[in-house]
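Peer 1: Here it is, the structure in full.
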Amino acid sequence: MKRILVILVSLTLAVPGFSQQTFTDKDLATAVWVMAQTFPEGFTLDLNTMSYPKEGLMVSYKATQDHFDRKSIPAVIKHAHAHENIIGGWRDPETGLYYFDSTRSFPENDLAAALAFARENGQHTVYDARRDINIKSNYEQEDIRVILDCDMGSSTDDLFALMMLYRYMDMQRCTLLGVVVDRMNRANADAVDVMNNYYGYPDLPIGLEKAGVKDPHVYIPYHNMAYARSTDGEPLFKRTVGDTGEYMDGYKLYRKLLAAQPDKSVTIASIGFVTSLARLLESGPDEYSPLSGVDLVQRKVKNIYCMGGVFGDSFEHDYNFTAAIDFSLKFFELWPKDIDIVFSPGEVGDPLYYSAANIIADMNWTDSHPIKWIYQFLTEDKFQKMWDPLAVINAVEGDDIIYKLSPRGWVTLTPTGETIFKEDPNGNARYQYPGPEGWSDYVLKYIRLMSIQH
Ligand SMILES: [Ca+2]
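Below is the structure:
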């Protein structure tokens, strides 16, 4: 709001006698020029209201992208009049050039369309006006095939991580091959069945760990979400597997999925216990593959993003590896040394608080939503730290853009659950560094933007 006032004051000072009713294109050109100098880091101006748009996903038109100076502004205004009447601009500090663009605004809940338009128009970013963040649109379109391995049924960040993967699929940024639920109890797999159906991927395979950690701690007992009913007794959420279908054992689903994929093509996002992974690595030939588990992983897996470990100052001890320590030790022993592993330690996600109130507010676009249901009916006050989405975002968006990773090295796990990093340029392991405050804020806003897509 302060920013809008400053803009209006600048406009008034710059153009004497200026009022909203009497804006000529010449006045507007002056106003845009003044704004560019007042806000060299960037501005957006809605010519209909002469104010800064408060919401919307802004993308510049390619047609006006080579407009760098004062003289070029009238042509940009003309294009804007013929389109959405929105203008954006900024000054590149390196070249000293101003960039002026006619801009198109997309609804906040249509990031996929905004990104597609940005890519068609050769734009590097989509600007989210409400959250004041830029979303990268010039990503390389890679063939990313993901298996998510989660401990669904305790913290809700697993649900948000899964949500992110559906949204990435909506944007054709990855293929989710299947979901392994490494927290035992059929209800936890049923919760994934609900999510698959809710987000439009009802046939995604689900595996369930059948010999994993006994009675692990539960933070929010949402496992019965799958069986929620309306007041007239109807199931609230659709399921594919339902009450009678069977889930494959987690490691078996891994074997089935991996065997069917091209070599070195699969990315694993591990955001729970590594129980199913340890059992996969220990497995022998079966009906899906003549390879041992280790050889199958070596052949088919490209990399793994793993939520777990403590490498710096953390507020909390590692949970995922410690809670399943015997499996974790086996995983560290058997994981092939030439396959990259990127850790997402707890301290990176610690500052990313998603409050119950914000979760419900972000899902106010629907009355019926599995994650919203949990916060409406099971826990009205618990916030959730967004640890798990950090591994998923890294898996899909790559190592260079959003994150800063440690140098390469080797990680060993002690029997008490400590993760020890030893730097070595030939090592297979890196870990995410915690970002500064602004970075955490950015990532949380990005996750929240994903929550409102529909
Ligand atoms: Ca988890």
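Be aware that the sequence shown starts at 766, since it is given in the working numbering, and climbs by one per residue.
Backbone N, C-alpha and C define an ideal beta-carbon position, used for all residues, glycine too.
1. Within 10 Å of its beta-carbon, does Asn1193 have 16 or more other beta-carbons around it, so buried, or fewer, so exposed?
2. In this structure, how does DSSP classify Lys819 when only helix, strand and coil are distinguished?
3. Anything with a beta carbon under 5 Å from a heavy atom of ligand 1 counts; list them all in chain order.
4. Which residue spans inside the stretch 1063-1112 form an unbroken beta strand (DSSP E) run of at least 3?
5. Using only alpha-carbon positions, find the residue among Val797, Val891, Met928 that is nearest to Ala845.
6. Determine, using beta carbons only, whether Val1031 and Leu1046 come nearer to each other than 7 Å.
7. State the Cα-Cα distance for the pair Met800 and Leu862, rounded to the nearest angstrom.
8. On the CB-based measure, 16 or more other CB atoms within 10 Å of its CB, does Phe1086 come out buried or exposed?
9. Contact defined as beta carbons within less than 8 Å: I believe Phe1002 pairs with Val959. What is the distance between those atoms, to the nearest angstrom?
10. Please determine, among Ser1109, Asn953, Leu1018, the residue with the shortest C-alpha to C-alpha distance to Leu1222.
11. Taking Ile851 as the reference, which of Ala991, Tyr826, Gln1149 has the closest Cα?
12. If you follow the beta strand (DSSP E) that Leu876 is in, where does it begin and where does it stop?
13. So is Gln888 buried or exposed if we call it buried at 16+ other beta carbons inside 10 Å?
14. Rounded to whole angstroms, what is the Cα-Cα separation between Leu1143 and Leu969?
15. Here's a check: name, in chain order, each residue in its chain whose Cβ is nearer than 7 Å to the Cβ of Lys1102, leaving out the five neighbours to either side.
16. Between the beta-carbon of Thr803 and the beta-carbon of Met823, is there less than 7 Å?
17. Determine the DSSP secondary structure at Ser1035, reduced to helix, strand or coil.
18. With H, G and I counted as helix, E and B as strand and the rest as coil, what does DSSP make of Trp1204?
19. With 16 other CB atoms within 10 Å as the buried threshold, where does Gly998 fall?
20. Alpha carbon to alpha carbon, how far is Asp1146 from Gly1163?
21. Given that a residue counts as buried once 16 or more other Cβ atoms are within 10 Å of its Cβ, and exposed if not, what is Ser1120?
22. Is the beta carbon of Met936 sitting closer than 7 Å to the one on Ala877?
23. State the start and end residues of the unbroken alpha helix (DSSP H) segment that holds Ser1041.
24. Can you tell me where the alpha helix (DSSP H) holding Tyr1016 begins and where it ends?
25. Name, in chain order, the residues that DSSP records as bridge partners for Arg895.
26. Measure the alpha-carbon distance for Leu1209 versus Pro1055 and round it to whole angstroms.
27. Just to confirm before moving on: does the CB-CB distance between Pro1172 and Glu1188 stay below 7 Å?
28. According to the neighbour-count rule (16 or more other Cβ atoms, all chains shown, within 10 Å of its Cβ), is Gln1149 buried or exposed?
29. Nearest to Ser919 by CA position, among Ile985, Asp834, Ala1089, Arg1213, is which residue?
30. To the nearest angstrom, how far is it from the Cα of Thr777 to the Cα of Ile900?
Peer 2: To lay it out plainly:
1. buried
2. coil
3. Asp916, Asp923, Ile1036, Gly1037, Asp1153
4. 1066-1072, 1105-1109
5. Val797
6. Not in contact: Val1031 and Leu1046 (Cβ atoms no closer than 7 Å).
7. Looking at the two C-alpha atoms, the distance is approximately 14 Å.
8. buried
9. So it is a contact: roughly 4 Å between Cβ atoms.
10. The structure shown does not extend to residue 1222, since the chain is modelled only from 766 to 1219, so the question has no answer here.
11. Tyr826
12. No beta strand (DSSP E) contains Leu876, which is instead part of the alpha helix (DSSP H) from 876-885.
13. buried
14. 27 Å
15. Asn1193
16. no
17. strand
18. Note: Trp1204 maps to helix in three-state DSSP.
19. exposed
20. 34 Å
21. exposed
22. Closer than 7 Å, so yes.
23. It spans 1040-1047 - the alpha helix (DSSP H) in which Ser1041 sits, taken as one unbroken run.
24. 1015-1024
25. BP columns for Arg895 are empty, so no partner.
26. About 43 Å.
27. yes
28. buried
29. Ile985
30. Unreliable positioning characterises Thr777 in this predicted model, as indicated by a pLDDT of 49, which lies under 50. A coordinate reading is not provided.
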